[in-house]
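Protein chains in written order, with the numbering used here: chain A, 1 to 724; chain B, 1 to 228. Where a beta carbon is used, it is the ideal one built from N, C-alpha and C, also for glycine. Computed from a predicted structure; not experimentally measured. Input: a single structure, listed below in structure tokens.
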């Protein structure tokens, strides 16, 4: 690099302080986000290393009647999820032999029967809650706190309960465990994959932004660069000058981004991913990794900048921005057509052996297809617009886009991808997640609390005691029991007709004593369809052989009533599954989807915003490029407002057209995905939150573009038209 | 006695400490073609900007058909330039993405004329300036002379009262310059348009009815041109 040339070129940057500061700010924000995303990726591993033993035991699963003997090197373990006031409590039941040598993470020793250890978060909750609503569920004695080193987060709600060995033998869900495993959970792997996609989705708009900002710098210094070319500088040297400038600016931006990430880190750690928040230290990256990120961002930004300037083709007579772009051909639609075709092909057959693989291939092909098809669609849209434009702004903007559809689309490509992915996600989710369930006969009432009894059978006396105790809980309005009757020929689930009201089943006909129905579907399945009932003829002798399957308490819906009833059920029913209400049962899946949706919202918002910045810079280039001709138009009487309209139109047209296009396509791909699994599934209108996030993102982008338009008055002043 | 089409009375204009116009007086009659000549830095362009309402003089008056224009607000002055004035510059005045037809239509579209009507009127002007068949060409596909004639068509399509031409042949060879000047004068004379040409070039000035020489911000001389 010739030092003289560099000095001469950078002198021109004095007037471009705003542009350089913008580059630094954009890179700082982008780097901070990438650092945080990588921090979350690493943080999940660290958090898992502490807390995955709670949910991911790798022991030998044993049946209820298993006779396996326990020695001091093994324990029986059962893991389940408790509910309390819409919160989830992770519960581990452990039965250990006296003198057990098994080390339970975070505990000084395994709990004895009747004892329990709790996380600091749950300890605080127990202390402020009446015992009959929470504390009594776990045992008589709180033996201590679980060390935070064995918890994902000290505020998480976790309990380790000591169980009686003989009682635990009856548990059909137990495992024989020697050591507690700390490998990542499958759920974490899903989130890590999502985060990798997020880093790529966030990186693309940032790289595009850097390339475009560098083009702005070159456009603003067009004459200076042309002079350098005139006196003998090669295009490569001009690229080198811009590269050196971007290198310095992007290194500064990346370093500031790392500091910015450190400031945001405590807030980022408070975001729940895979049902848990992080410790701030989980997200902290090592200096070596941070240096690597800074180096990578600086290198990629510099290369993008050099490529952006070389693309301009600066000649000794100035930048040849009128270079002819090749007209995008219809071939660009092929990846999209292949992607959509693949997904449509699987209609209703996603469960086939190669179904999931074809679906993934179809989705990736469609996502790539969106980017590939973009320039062609932009070209076609601007052609129609140019033909129909009635205003000068519309005509000039459409013709400008028509002359460079690929460059126009490039500025908006990050936004297209973000909106496509987020629309796909919400489209698919709208078909899966329960929205407003209408509770009516044939669906378990939402305030009914159910406990399973089939894995840990109860005696008749114990059952009567449980029903009596539940009836005594203030706010419990009815209690019903569902039985299973089995003989050689058949197996049916029945309940006395007196229970139908409590269960939310259709009433029996007169003189019918029992009604039969598919109880498993009724209790466990999401209420997508009503359960039908049939009269059942059960003799007194058969009735004596029936085994209790579920006990269900109908409540007034008050939180304290449900928790009291739940405590009674847990104390007396010894189920291997916690008592639950219907909304709680669907809650975990919905919660995970909600968390993913929050991440998608944040990602979409930031991508849209960064892409908005790219469009704003592209608008600034459009102004700087044509400052002379705009200046002359202004002299000729074109109001500044009309000039602004031209530039605004050029920025808004791709923004508006690609937003609709990518949102529509995202929903179409989601529809193809859900119909691949079941022809009865269909995407529904998205949540209001979807529109709000997209709307706010677009509003921010529009505001950034709007602020750029203020440049038009200064760039088209009288001096811009002088030729002397 | 008729009212001059455009009149500058004792106008002064400074940029910082530099005085561009120092009490300049100037007038042009309806349909008259005047060439304003002078060395670089003499104040020619500043005079054009003041006469066209682009710059407001520090003192003095600018009158269009006897009506003061220097105190109008920016919006009114823009409207004036759009409806009463036309402009032709040395180069770089056509929008590169627009065809010749689109470039000429733009001033009409600004005046809310429907696209189809605007294109019809633009075609007539392109034909008058010898550019029939060039409607769909982009500026990059036109020669310098052709581009300049498109610019003249664009300036004339709104039937302006006054046409300002700032070095209209400055970037053309002599043959093309002659062609452009002939076409321009033929057009303006048939329309009765007043023309003010800013130029260094004596050959271009020779097309004018009258030449005015500006030196150090004042009119230093005038002579009859050969155009008369």
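Worksheet item: What first and last residue would you give for the alpha helix (DSSP H) that runs through residue 401 (chain A)?
Response: Here residue 401 (chain A) refers to the residue found at position 401 when the first chain is read from its first residue. Run containing residue 401 (chain A): 392-403, per the alpha helix (DSSP H) assignment.
Item to complete: Would you please verify whether the beta carbon of residue 5 (chain B) is less than 9 Å from any beta carbon of chain A?
Response: Numbered from 1 along the second chain, position 5 holds the residue referred to as residue 5 (chain B). For residue 5 (chain B), the answer is no, since every Cβ of chain A falls outside 9 Å of its Cβ.
Fill in: Option in A:279, A:81, A:29 and A:249 with minimal Cα separation from residue 149 (chain A)
Counted from its first residue, the first chain places residue 149 (chain A) at position 149. Per the Cα distances, A:279.
Item to complete: State buried or exposed for residue 72 (chain A), treating a residue as buried only when at least 16 other CB atoms are found within 10 Å of its CB.
Response: The residue given as residue 72 (chain A) occupies position 72 in the first chain. So residue 72 (chain A) counts as exposed.
Worksheet item: Would you call the region 73-93 of chain B and the region 19-35 of chain B in contact, with 3 or more CB pairs under 8 Å?
Response: With contact defined as three or more Cβ pairs closer than 8 Å, the region 73-93 of chain B and the region 19-35 of chain B are not in contact.
Worksheet item: With 9 Å set as the bound, which would you pick, yes or no: does the beta-carbon of residue 75 (chain B) sit closer than that to a beta-carbon of chain A?
Response: For this step, residue 75 (chain B) is matched to residue 75 along the second chain. When Cβ-Cβ separations below 9 Å define contact, residue 75 (chain B) makes contact with chain A.
Fill in: Residues sharing a beta bridge with residue 515 (chain A), DSSP
Indexing the first chain from 1 puts residue 515 (chain A) at position 515. As DSSP reads the structure, residue 515 (chain A) sits in a beta bridge with A:495 and A:535.
Worksheet item: Do you know offhand how far residue 31 (chain A)'s Cα is from residue 329 (chain A)'s?
Response: Residue mapping note: residue 31 (chain A) aligns to position 31 of the first chain, counting from 1. Residue mapping note: residue 329 (chain A) aligns to position 329 of the first chain, counting from 1. Going from the Cα of residue 31 (chain A) to the Cα of residue 329 (chain A) covers about 36 Å.
Practice prompt. Could you spell out where the beta strand (DSSP E) holding residue 53 (chain A) opens and where it closes?
Written response: Residue numbering aside, residue 53 (chain A) sits at position 53 when the first chain is read from its first letter. Residue 53 (chain A) -> no beta strand (DSSP E), and no H or E assigned at all.
Worksheet item: Where does the unbroken alpha helix (DSSP H) through residue 252 (chain A) begin, and where does it stop?
Response: Translated into positions along the first chain, residue 252 (chain A) becomes position 252. Run containing residue 252 (chain A): 235-269, per the alpha helix (DSSP H) assignment.
Worksheet item: Which residues in chain A sit within 8 Å of residue 85 (chain B), going by Cβ to Cβ distance?
Response: Numbered from 1 along the second chain, position 85 holds the residue referred to as residue 85 (chain B). By Cβ distance, chain A contributes 636 and 637.
Item to complete: Report all residues from its chain with a CB closer than 7 Å to the CB of residue 65 (chain B); omit the five preceding and five following residues, and keep chain order.
Response: Walking along the second chain from the start, residue 65 (chain B) turns up at place 65. For residue 65 (chain B), where only same-chain residues beyond five positions count, the Cβ hits under 7 Å are 3 and 5.
Item to complete: Per DSSP, which residues does residue 116 (chain A) bridge with? Please list them.
Response: In the first chain, the residue the question calls residue 116 (chain A) occupies position 116. Paired residue(s): A:142 and A:161.
Worksheet item: Excluding the five sequence neighbours on either side, which residues of its own chain have a C-beta within less than 6 Å of the C-beta of residue 213 (chain A), listed in chain order?
Response: Walking along the first chain from the start, residue 213 (chain A) turns up at place 213. These residues qualify, in order along the chain: 23 and 617.
Practice prompt. Pick helix, strand or coil for residue 650 (chain A), following the three-state DSSP scheme.
Written response: Counted from its first residue, the first chain places residue 650 (chain A) at position 650. Correct three-state label for residue 650 (chain A): helix.
Discussion item. Pop quiz: residue 394 (chain A) and residue 365 (chain A) are said to be a contact at Cβ under 8 Å. What is the actual Cβ separation, rounded to whole angstroms?
Written reply: Within the first chain, residue 394 (chain A) is the residue found at index 394, counting from 1. Within the first chain, residue 365 (chain A) is the residue found at index 365, counting from 1. Contact between residue 394 (chain A) and residue 365 (chain A) is absent: CB atoms are separated by about 35 Å, not below the 8 Å threshold.
Worksheet entry | Neighbour list for residue 390 (chain A) in chain B, Cβ cutoff strictly below 8 Å | Numbered from its first residue, the first chain carries residue 390 (chain A) at position 390. Going along chain B in sequence order, the residues near residue 390 (chain A) (Cβ under 8 Å) are 109, 114 and 115.
Worksheet entry | DSSP beta-bridge partners of residue 59 (chain B) | What you label residue 59 (chain B) is simply residue 59 of the second chain in a count that begins at 1. Assignment of beta-bridge partners to residue 59 (chain B) by DSSP yields B:12.
Worksheet entry | Residues that residue 403 (chain A) contacts on chain B, provided the C-beta gap is smaller than 7 Å | Residue mapping note: residue 403 (chain A) aligns to position 403 of the first chain, counting from 1. Ordered by position in chain B, the residues that pass the 7 Å Cβ test against residue 403 (chain A) are 97.
Practice prompt. With DSSP as the reference, label residue 68 (chain A) as helix, strand or coil.
Written response: Numbered from its first residue, the first chain carries residue 68 (chain A) at position 68. In the structure shown, residue 68 (chain A) sits in coil (DSSP, three-state: anything other than H, G, I, E or B).
Discussion item. Per DSSP, what are the beta-bridge partners of residue 376 (chain A) in this structure?
Written reply: By one-based count along the first chain, residue 376 (chain A) stands at place 376. Per the DSSP secondary-structure output, residue 376 (chain A) pairs with nothing in a beta bridge.
Fill in: residue 49 (chain B) burial status per 10 Å Cβ neighbour count (16 or more: buried)
For the purposes of this step, residue 49 (chain B) is identified with residue 49 of the second chain, where counting begins at 1. Buried: at least 16 other Cβ atoms inside 10 Å.
Discussion item. For a quick check, are the C-beta atoms of residue 389 (chain A) and residue 398 (chain A) less than 9 Å apart?
Written reply: Translated into the one-based positions of the first chain, residue 389 (chain A) becomes position 389. Translated into the one-based positions of the first chain, residue 398 (chain A) becomes position 398. In contact: residue 389 (chain A) and residue 398 (chain A) (Cβ atoms closer than 9 Å).
Practice prompt. Can you tell me the Cβ-Cβ gap for residue 111 (chain B) and residue 154 (chain B), rounded? I've got them flagged as a contact below 8 Å.
Written response: In the second chain, the residue the question calls residue 111 (chain B) occupies position 111. In the second chain, the residue the question calls residue 154 (chain B) occupies position 154. Taking C-beta atoms under 8 Å as the contact rule, residue 111 (chain B) and residue 154 (chain B) fail to qualify, at a distance of about 13 Å.
Worksheet item: Hey, is residue 702 (chain A) close to the ligand GTP, as in C-beta under 8 Å from one of its heavy atoms?
Response: For the ligand GTP, the structure offers nothing, since it holds no ligand at all.
Discussion item. Within the continuous alpha helix (DSSP H) that includes residue 336 (chain A), where are the two ends?
Written reply: By one-based count along the first chain, residue 336 (chain A) stands at place 336. According to the DSSP assignment, residue 336 (chain A) belongs to the alpha helix (DSSP H) that extends over 334-345.
Worksheet entry | Endpoints, beta strand (DSSP E) assigned at residue 37 (chain B) | Start at 1 with the first residue of the second chain, and residue 37 (chain B) comes out as number 37. Residues 33-37.
Worksheet item: Is DSSP giving residue 327 (chain A) helix, strand or coil here?
Response: The sequence position of residue 327 (chain A) within the first chain is 327, counting from 1. In the three-state DSSP reduction, residue 327 (chain A) falls in the coil class, being neither helix nor strand.
Discussion item. Taking the straight line between their C-alpha atoms, what separation do you get for residue 367 (chain A) and residue 345 (chain A)?
Written reply: What you label residue 367 (chain A) is simply residue 367 of the first chain in a count that begins at 1. What you label residue 345 (chain A) is simply residue 345 of the first chain in a count that begins at 1. Taking the Cα positions, residue 367 (chain A) is about 17 Å away from residue 345 (chain A).
Worksheet item: In three-state terms, what does DSSP make of residue 86 (chain B)?
Response: One-based indexing of the second chain puts residue 86 (chain B) at position 86. Of the three classes helix, strand and coil, the one that applies to residue 86 (chain B) here is strand, per DSSP.
Worksheet entry | Where the alpha helix (DSSP H) containing residue 107 (chain A) begins and where it ends | Walking along the first chain from the start, residue 107 (chain A) turns up at place 107. Counting along the chain, residue 107 (chain A) sits inside no alpha helix (DSSP H), nor does DSSP assign it H or E at all.
Worksheet item: residue 82 (chain B) touches chain A at which residues, Cβ-Cβ below 9 Å?
Response: Translated into positions along the second chain, residue 82 (chain B) becomes position 82. By Cβ distance, chain A contributes 636, 637, 638 and 639.
Discussion item. With H, G and I counted as helix, E and B as strand and the rest as coil, what does DSSP make of residue 128 (chain B)?
Written reply: Here residue 128 (chain B) corresponds to residue number 128 of the second chain, with the count starting at 1. In this structure, residue 128 (chain B) counts as helix in the three-state DSSP scheme.
Worksheet item: Which residues in the same chain as residue 270 (chain A) place their Cβ atom closer than 6 Å to its Cβ, once the five residues preceding and following it in sequence are excluded?
Response: As a first step, residue 270 (chain A) must be located in the first chain, where it is residue number 270. Only 277 meet the Cβ criterion.
Fill in: Beta-ladder partner(s) of residue 164 (chain B), from DSSP
To locate residue 164 (chain B), count along the second chain from 1; it is residue 164. Residue pairing for residue 164 (chain B): DSSP places it in a beta bridge opposite B:87 and B:196.
Worksheet item: Quick one: does residue 86 (chain A) have its CB under 9 Å from some CB of chain B?
Response: By 1-based counting over the first chain, the position of residue 86 (chain A) is 86. For residue 86 (chain A), not one C-beta of chain B is nearer than 9 Å to its own C-beta.
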